[in-house]
Amino acid sequence: MRAPPLSLLPLLVAAAILSLSVATDKLDQTASIAGNQTLESAGGVFRLGFFVPPGSSDARAYLGIWYATIPEQTVVWVANRRNPVVRPPGVLTLSADGRLVILDGRNATVWSSDDAAGSGGVATRALAQLLDNGDLVVTHGGESQSGSTGRTSVAWESFDYPTDTLLPGMKLGVDGRSGISRNITSWRSAADPSPGAYTFKLVSGGLPEFFLFRGLSKTYASGPWNGAELTGVPNLKSRDFIFTVVSNPDETHYTYYVSDPSVLSRFVLNGTMGQVQRFTWHRGGGWSGFWHFPLDPCDSYARCGAFGYCDVGQSPLCSCLPGFQPRSPQRWSVGDGTGGCARTTNLSCGAGDGFWTVSRMKLPEATSATVHAGMTMDRCRQVCLGNCSCRAYAAADVSGGINRGCVIWAVDLIDMRQYSEVVQDVYIRLAQSEVDALTAAANRRSHVVLVIALVAAISGVLLLGAFAFGCLCFWRKKAAPAGRDNELPLRATKLKLRRDDQGFSDENKMSSEEDDLDLRLFGLAVILAATDNFAADSKIGQGGFGPVYLGRLEDGQEVAVKRLSRKSAQGVEEFKNEVKLIAKLQHRNLVRLLGCCIDGDERMLVYEFMHNNSLDTFIFGGQFMLHTMKKSASY
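According to mature numbering (1 follows the signal peptide of the UniProt record, and there is no 0), the stretch in the sequence shown is residues -23 to -1, 1 to 612, in order.
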């Protein structure tokens, strides 16, 4: 083989040096890495080196950290995201004052870490090390060249300066002692790691809460931390995912861990989607999305304005808190709830005010709220009543199921949404007349729901008995000798039905030839008029067989209309038989069936509406009633 020309040897040697990988996790003040050289953590989890983003239109190089064992390069931290190396090769060194420095091909400084030793100072035995958790740490002190050991101090670490990714053990928040604010900011694009449009960060004040910003505008909020959870993400916890929020005078931050250290997990701010996402790596290959926020339309920041809340299970999405009404009904009706809600009755700013409890809500934004760490809930109520600006109050910490401290909102309540499960009690200040009206309405709903449940339960028992009786008859007929009549002497009942859609009279009753059943057959027009065309405001309950509406007949009588689900395969004759069966089951303490309505595929039962003295008073007692009322009234 011919030897290369002597003039090419320096270039070949330089190329060989640049292609080498530094087989260590440390970098001292006598070494450097350049070109394709890398540091690798002791356990082989992460690498540090220069990279060019895939899809980049030029050869701009960045110093970054990525996973060492994953085939597709996944960068989790970038040092010089604002100042790429445009004149290669890039070189990383550790300066005399203990700073990390990136130089370009002309020996110009492109980026440097903080001067931990002070301007012009000299750092003794400075060392940079890449750890298996992905943290690049610069320490001063430690072992000297003579072998003696000194005190080691952390002068700088990459975990204090996240880019778009939060790794397990990293902190998101503010350190009051060092003045460091740890945020994550999206890449501008997949080919450009420079800061993008989205930032996820802690906003200090009141209760800890984290916000997603697009520029200067808030687009999503985690909900305030109540000592147990971030109230806007109640389902964040999982078996392998452990997170906490630390809040004290020195620092406030969010951090998380995974129970299995071998599981690779990352928390990323996606600038294309405008989402905070969590991914885990599957050994079979590929990143799998675990969760993301915002999750649905109700996660949009302050979607329903002041004193409004969002419910993804209803249409339109926005509703007003109890005691409030839309500021702009026109905009509200077309799905625009950003104008929020206004009080139905003004506060008296005194003894004429009270509180209504909501419990299945994301807490309102609390960055401008006032926290009293040592205040009891009774005292908190009194303080709120004594402040004309107070809109609501709640416990500041509910960890362990115990209320501690107090948070008071003297600002409009915004960014609330409803959940199916209980989050925390929030006490909304209302005029006492509004509280009394809401309590009365809750009492009526609880009575109706209980009566309907009793009727449904009794009907189920009777139908089960009828089925068993039919099976017995079938068995007896099968077992009887041939030619013998074994049918039970059941009376046949013929129903005579007459309809009048304009109303009802004595002729519009469901009657029989052998049974005296005083039941009316209501026309559909009568039911529609009584329930205001099944208006949402008339709905007082929902059962397994369909909704229940409160109606008022032309003569002023209040009725409860049970509208059976259209999914039922029950025919007209079967429905008539069921009506007869229920009608015969009359009791002086049980709400009375007045009649029914059969029109096309509509099947409705019309009951007498009773505010009090229903069967629950005699069977279940007051304690069960109070439980039902509370469950019915909760939001």
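Here a beta-carbon is modelled for each residue, glycine too, at the ideal position from N, C-alpha and C.
Where the alpha helix (DSSP H) containing L527 begins and where it ends: Residue mapping note: residue 527 aligns to position 550 of the sequence shown, counting from 1. Not the alpha helix (DSSP H): L527 falls in the beta strand (DSSP E), residues 523 to 529.
From the DSSP output, in three-state form, read off F511 for me. For the purposes of this step, residue 511 is taken as the residue at position 534 of the sequence shown. Coil, per DSSP.
Unbroken beta strand (DSSP E) run spanning Q307, endpoints: Start at 1 with the first residue of the sequence shown, and residue 307 comes out as number 330. From DSSP, Q307 is part of no beta strand (DSSP E) but of the alpha helix (DSSP H) over 306 to 310.
Indicate the three-state DSSP secondary structure (helix, strand or coil) for R356 in the structure shown. Translated into positions along the sequence shown, residue 356 becomes position 379. Of the three classes helix, strand and coil, the one that applies to R356 here is helix, per DSSP.
Under 8 angstroms, with one C-beta from each stretch per pair, do the stretch 405 to 413 and the stretch 319 to 338 reach the 3-pair mark? yes
From this set, F270, C275, L107, which residue's C-alpha is nearest N247's C-alpha? Within the sequence shown, numbered from 1, the residue matching residue 247 stands at position 270. Nearest of F270, C275, L107 to N247, Cα basis: F270.
For Q409, which of helix, strand or coil comes out of DSSP? Start at 1 with the first residue of the sequence shown, and residue 409 comes out as number 432. Note: Q409 maps to helix in three-state DSSP.
According to the Cβ coordinates, are P139 and P30 closer than 8 angstroms? By 1-based counting over the sequence shown, the position of residue 139 is 162. By 1-based counting over the sequence shown, the position of residue 30 is 53. No, these two residues do not count as a Cβ contact at 8 angstroms.
Three-state secondary structure (DSSP) at N247? As a first step, residue 247 is located in the sequence shown; it is residue number 270 there, counting from the start. Of the three classes helix, strand and coil, the one that applies to N247 here is strand, per DSSP.
May I ask which residues mark the beginning and end of the beta strand (DSSP E) holding T46? For the purposes of this step, residue 46 is taken as the residue at position 69 of the sequence shown. That residue, T46, is in no beta strand (DSSP E); it is neither H nor E in DSSP.
So, does the stretch 326 to 337 touch the stretch 388 to 408, judging by three or more C-beta pairs under 8 angstroms? yes
Judging by CA-CA distance, which residue of N510, K557, V525, G500 is the nearest neighbour of I575? Along the sequence shown, one-based indexing puts residue 575 at 598. Of the candidates N510, K557, V525, G500, the one whose C-alpha sits nearest the C-alpha of I575 is G500.
Pairing CB atoms from the stretch 133 to 153 with CB atoms from the stretch 175 to 193, are three or more of them under 8 angstroms? yes
If you follow the beta strand (DSSP E) that R76 is in, where does it begin and where does it stop? Your numbering for residue 76 matches position 99 in the sequence shown. R76 -> no beta strand (DSSP E), and no H or E assigned at all.
Cross-strand partners of F218 (DSSP beta bridge): Along the sequence shown, one-based indexing puts residue 218 at 241. In DSSP, F218 forms a bridge with S215, V235.
Classify G377: buried if its beta carbon has 16 or more other beta carbons within 10 angstroms, exposed otherwise. As a position in the sequence shown, residue 377 is number 400, starting the count at 1. Exposed.
Out of V78, Q291, I379, point me to the one whose CA is closest to Y396's CA. Numbered from its first residue, the sequence shown carries residue 396 at position 419. The shortest C-alpha separation from Y396 is found at Q291.
6 angstroms CB neighbourhood of V412 in its chain, flanking five on each side removed: In the sequence shown, counting from the first residue as 1, residue 412 sits at position 435. Around V412: G331, W333.
By how many angstroms is the C-alpha of R154 removed from the C-alpha of G314? Working through the sequence shown from its first residue, we reach residue 314 at position 337. Working through the sequence shown from its first residue, we reach residue 154 at position 177. Cα to Cα, G314 sits roughly 42 angstroms from R154.
Go to Q106, then tell me how far its beta strand (DSSP E) extends in each direction, as first and last residue. Within the sequence shown, numbered from 1, the residue matching residue 106 stands at position 129. Taken as a continuous stretch (DSSP letters only), the beta strand (DSSP E) holding Q106 covers 104 to 107.
Beta-carbon gap between N203 and V68 smaller than 8 angstroms: Walking along the sequence shown from the start, residue 203 turns up at place 226. Walking along the sequence shown from the start, residue 68 turns up at place 91. No, they are not a contact pair.
Between the stretch 279 to 293 and the stretch 68 to 86, do three or more beta carbon pairs fall short of 8 angstroms? no
By how many angstroms is the C-alpha of V53 removed from the C-alpha of Y175? Along the sequence shown, read from residue 1 onward, the residue named residue 175 stands at position 198. Along the sequence shown, read from residue 1 onward, the residue named residue 53 stands at position 76. Using only the alpha carbons, I get a separation of about 16 angstroms.
Measuring straight from C-alpha to C-alpha, what distance separates Q307 and D355? As a first step, residue 307 must be located in the sequence shown, where it is residue number 330. As a first step, residue 355 must be located in the sequence shown, where it is residue number 378. Cα to Cα, Q307 sits roughly 40 angstroms from D355.
Less than 8 angstroms separating the beta-carbons of R37 and P172? Mapped onto the sequence shown, residue 37 falls at position 60. Mapped onto the sequence shown, residue 172 falls at position 195. No, Cβ-Cβ distance for R37 and P172 is not below 8 angstroms.
Distance between R497 and D483 (C-alpha atoms, nearest Å): Residue 483 sits at position 506 when you count from the first residue of the sequence shown. Residue 497 sits at position 520 when you count from the first residue of the sequence shown. At D483 the pLDDT is 39, less than 50, meaning the model places this residue with poor confidence; the figure from the coordinates comes in the next sentence. Near 8 angstroms, if we compare the C-alpha coordinates of R497 and D483.
Would you mind sorting S239 into buried or exposed? The rule is 16 or more other CB atoms within 10 Å of its CB. The residue you call residue 239 lines up with position 262 of the sequence shown. When all chains shown are included, S239 counts as exposed.
Contact set for G329: own chain, Cβ-Cβ below 7 angstroms, skip 5 residues either direction: Residue 329 sits at position 352 when you count from the first residue of the sequence shown. So the list reads A408, Q409, once near-sequence residues are dropped.
CA-to-CA distance, F187 to F28, given in whole angstroms: One-based indexing of the sequence shown puts residue 28 at position 51. One-based indexing of the sequence shown puts residue 187 at position 210. Rounded to whole angstroms, F28 to F187 spans 31 angstroms at the Cα level.
Which of helix, strand or coil DSSP assigns to G377: Translated into the one-based positions of the sequence shown, residue 377 becomes position 400. Of the three classes helix, strand and coil, the one that applies to G377 here is helix, per DSSP.
CA-to-CA distance, A369 to Y584, given in whole angstroms: By 1-based counting over the sequence shown, the position of residue 584 is 607. By 1-based counting over the sequence shown, the position of residue 369 is 392. Taking the straight line joining both Cα atoms gives about 40 angstroms.
State the DSSP-derived secondary structure class of K148, mapped to helix, strand or coil. Position 171 of the sequence shown, counted from the start, is the residue given in the question as residue 148. Coil, per DSSP.
Please state if the CB of G200 and the CB of L207 are separated by a distance shorter than 8 angstroms. Here residue 207 refers to the residue found at position 230 when the sequence shown is read from its first residue. Here residue 200 refers to the residue found at position 223 when the sequence shown is read from its first residue. Yes, the Cβ-Cβ distance between L207 and G200 is below 8 angstroms.
Pick from R159, A513, S277 that is closest to Y197, judged by C-alpha positions: The residue you call residue 197 lines up with position 220 of the sequence shown. Of R159, A513, S277, the residue nearest in Cα terms is S277.
Where F136 falls: helix, strand or coil (DSSP): Taking the sequence shown and counting its residues from 1, the one referred to as residue 136 is at position 159. It is helical.
CA-CA distance, N554 and C573? Mapped onto the sequence shown, residue 554 falls at position 577. Mapped onto the sequence shown, residue 573 falls at position 596. N554 and C573: Cα-Cα distance of roughly 12 angstroms.
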